[in-house]
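Numbering (the UniProt record's numbering), first residue to last: 1 to 452. Glycine included, every Cβ here is placed at the ideal spot set by N, Cα and C. In this text the structure is predicted, and so the values were computed from the model without any measurement. Here's the structure we're looking at; comments come further down.
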C-alpha cells in the first residue's frame, strides 16, 4: 500500500517536471520538491550534523586543524579591516555600529572567519531597536535545523528553523532579510555547490585524514615510549620448579643496574629481550598522510611545520596558489561584511533620513603578502619608465598609460574615472613642476635611423 502511494506520487512529480516551463513555474537551482527544506545537492541532515560535530571536535583537539583554520583567519583579516564611506552621516553611523560595545566588529570578524572556515556557513542574527540601531550575533551552524526558501528559487531564503531543544521543543523560525521584523537572519556560505542551500567546511575533505594521521602519530609515540624497555632472560637448568622460583625472586629483589657486571658460570646464560620497531618506512608513511592533508587544505607543507628539505625558491613557488586562495576568501569575506553593513544602514535609514542607503560602502582589508608589494612596486617603476617613453612618442594615449601602470602595480581601477579625477584635481599650489624632457628624435621605421 505504501509502495503504491509513493509510486503514484513520484509519477505525478515526473509528469509535472515534463511540462513546459513558464516564468511563473521556473525553478532556479532546485525543484519545488526540495524548495521548503534541503536542496537536492545538500547533505542529509544527519550527515551534515555529524560533519559539523567532527569539524568542531577536530578544531578543538587536532593541532593541524586548528592551524589550518587559524591560517585562513590570519590572512583574511590580517592586521585589521577598515570601513569607508564618502557620505559623512553614513560614515558616522558605520563607525558607531562598528565600535558599539554590543557589536565589537573589530574583534568579531576573526570569530566570524573561524566559523565560516570551520563550518562553511555563517548565520548572522541581526536585531534592531526602535531607533534603527542594529546588533549582530553569529548563530552556530549546528543549531540550524533547516532552511526554508522560495518555491521557485533555492537561493531566496525565507526562514531559518532552529533545532528543537528540551527548553524549546517547538521553536519559532527566524525570518530572512526580506521580513519586516525586528530580528532577521542573514546566511552566507562558502564551498557551496550550485543548487545547494548549505556550504561545506574547509575541513570536510581532510577530516578523515586528520583522524588517520592523529592515530598513526599516537601509535608511533606509544611504541617509541616502550622502545627502550627491555627484559632480562636468564637461561639455566633447575632440578625443581622451586629452585627456579627462588632464583627469580632473588634477581627481582636485586636487579642488575645499568653498567653492572655480572659473573656467571657456563650453566647460566643471560640475554636481553627488547622490542624491534622496524620503523625504516615510518617517516615515509607519515609524510604521505601529511601530504594528503596539505593537498586537501590547499596549503604547502612548510605551512604545516614540514619543510621536507624545501629550499626558499620552492617554498615561494608553492605559496603562490595558497595566496590566491586566501585572496579569494578575503574578497568574499569583505563582500560579506559590506552586505551586513549595507543592511544595517538600510534599517537605520528607515528612521534617520540623514543616512543614504545607496551610499557606496568600501570594506578594505590588509594585503595578503607584503612581499608581493615590493615586487609589484619594482615592476611598476620599471614599466612606468618605458611607458613614459611610449607616451612621449605619442604611441599610446593617457588612458593606456594609466591602465598599464596600474596593471603592473597589481591594482584594478576605472581608468576613465581616474583621468577625470586627475583633471579636476589640477596642479595645486604644492605640486611639483613636470621636469622637462629632452625631445626624442623621430626614427625611420624602415632602417631604424634617426630622421633629420
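- Query: Given a threshold of 16 other Cβ atoms within 10 Å of its Cβ, counted over all protein chains shown, does residue 293 qualify as buried or as exposed?
  - Reply: buried
- Query: Identify the residues that DSSP records as bridge partners of residue 157: which are they?
  - Reply: 149
- Look at the alpha carbon of residue 228 and the alpha carbon of residue 51, and state the distance between them as a whole number of angstroms. 40 Å
- Query: By Cβ distance, which residues of its chain are closer than 8 Å to residue 416, with the 5 residues on each side in sequence left out?
  - Reply: 399
- Item | Cβ-Cβ distance between residue 364 and residue 87 below 9 Å | no
- Have a look at the DSSP bridge pairing and note the partners of residue 186. 124
- What number of angstroms, rounded off, separates the C-alpha of residue 314 from the C-alpha of residue 273? 46 Å
- Task: Under the assumption that residue 453 contacts residue 190 (Cβ atoms under 8 Å), give the Cβ distance between them as a whole number of angstroms.
- Result: Outside the shown range of the chain (1 to 452) lies residue 453, about which nothing can therefore be said.
- Task: Following the continuous beta strand (DSSP E) through residue 61, name the residue where it begins and the one where it ends.
- Result: Unbroken run through residue 61 is the alpha helix (DSSP H), 45-61; no beta strand (DSSP E).
- Going along the chain, which residues of its own chain have a beta-carbon closer than 7 Å to the beta-carbon of residue 382, five neighbours each way excluded? none
- Query: When the distance is taken between beta carbons, is residue 296 closer than 9 Å to residue 322?
  - Reply: no
- Task: State the Cα-Cα distance for the pair residue 168 and residue 377, rounded to the nearest angstrom.
- Result: 59 Å
- What is the rounded straight-line gap between the Cα of residue 367 and the Cα of residue 78? 7 Å
- Along the chain, where does the beta strand (DSSP E) that runs through residue 270 open and close? 269-273
- Message: Suppose only complete runs of 3+ residues qualify. What are the beta strand (DSSP E) ranges in the stretch 218-261, listed by chain order?
- Response: 231-235
- What span of residues does the alpha helix (DSSP H) with residue 393 cover, start to end? Note, residue 393: premise wrong, no alpha helix (DSSP H); not H, not E.
- Can the beta-carbon of residue 160 be found less than 9 Å from the beta-carbon of residue 348? no
- Item | Reference residue 276; option with closest CA among 230, 108, 99 and 176 | 230
- Query: Going by C-alpha distance, which of 49, 69 and 40 is nearest residue 329?
  - Reply: 69
- Message: Using 8 Å for Cβ pairs, my map puts residue 126 next to residue 344. What's the rounded Cβ distance?
- Response: 7 Å
- Measuring CA to CA, which of 197, 162, 414 and 183 is closest to residue 453? The question about residue 453 has no answer, for the chain in this structure spans 1 to 452.
- Go ahead and label residue 107 buried or exposed: buried means 16 or more other beta carbons lie within 10 angstroms of its beta carbon, across all protein chains shown. exposed
- Keeping to the same chain, check which residues put their C-beta closer than 8 Å to that of residue 256; ignore five residues upstream and five downstream. 232 and 262
- Of the choices 385, 76, 95 and 115, whose alpha-carbon is the least far from that of residue 60? 115
- Task: Output yes or no for whether 9 Å exceeds the beta carbon distance between residue 289 and residue 212.
- Result: yes
- Can you tell me where the beta strand (DSSP E) with residue 421 in it begins and where it stops? Premise fails: residue 421 lies in the alpha helix (DSSP H), 415-425, not in any beta strand (DSSP E).
- Item | Residues near residue 271 by beta carbon distance below 6 Å, same chain, minus five either side | 233
- Task: Could you tell me whether the Cβ atoms of residue 123 and residue 185 are closer together than 9 Å?
- Result: yes
- Task: State buried or exposed for residue 90, treating a residue as buried only when at least 16 other CB atoms are found within 10 Å of its CB.
- Result: buried
- Query: In terms of DSSP beta bridges, what is residue 82 paired with?
  - Reply: 364
- Nearest residue (CA-CA) to residue 385, options 404, 369 and 98: 404
- Message: Within a Cβ cutoff of 8 Å, which residues of the same chain sit near residue 246, ignoring the five residues on either side of it in sequence?
- Response: none
- Just the Cα atoms here: how many angstroms apart are residue 331 and residue 98? 19 Å
- Task: Answer with buried or exposed for residue 109, where buried requires no fewer than 16 other C-beta atoms within 10 angstroms of its C-beta.
- Result: buried
- Item | Residues near residue 157 in its chain [Cβ-Cβ closer than 6 Å; skip 5 each side] | 147, 149, 176 and 187
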